[in-house]
Each structure stands twice: as structure tokens, then as C-alpha cells.
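Novice: Sharing a structure below in C-alpha cells format, with a few things to ask.
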Amino acid sequence: MPLISLIAWGWPVKIPMINGLASQLLMVKGDTAPLGRNWYLTFLRRNPELRTRCLCIMDQARHDVTDKKTLKH
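Sequential numbering of the sequence shown, starting at 60, is according to our numbering.
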């Protein structure tokens, strides 16, 4: 499953990807009701071992693109 591989490799997983997986699992169980708008917040509260992360490397790269010293070189 691609989602599990992304998690194992340490790549960020976006909420729509988790939403799709959760919807598929619910359909297999026979539950066709749509998930709520902020269902993932409750999911994260119930599973504290999971947490959201910031991509600091990407933030640094974005900073470097706008840094005048970097642009001069």
C-alpha cells in the first residue's frame, strides 16, 4: 500500500490521502456515510502517537529562494 510505504520512509502524508484510506476502510465495513469535515482532528486526539510535522527543509529552501545573499551568488 503506497500510504504505508510513505509513512515508513518518513515522507509526509497529506490529510486527503488519509481521508481516502479511511473512506475505503469504512466502505469495506459497509459504512457509506461520509467523514466529517475535521474528522482527522478527532482521529489525531485519539491516537497521540501520531502527530503532525512541519517540513523544515522545505521551509529553509523557500527562505533561501527569497534571501538576497543567496540570490547574489
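Yeah, the Cβ is synthetic: ideal placement off N, Cα and C, and Gly gets one too.
Put residue 105 into one of helix, strand or coil per three-state DSSP.
Specialist: Here residue 105 sits in helix by DSSP.
Novice: Could you tell me whether the region 61–74 touches the region 88–97, using the rule of 3 or more Cβ pairs below 8 Å?
Specialist: They do not touch, by the three-pair rule.
Novice: Between residue 77 and residue 89, what straight-line distance do the alpha-carbon atoms span, to the nearest angstrom?
Specialist: Their backbone Cα atoms lie some 18 Å apart in a straight line.
Novice: How big is the Cα-Cα spacing for residue 85 and residue 109?
Specialist: Whole-angstrom Cα-Cα distance: 20 Å.
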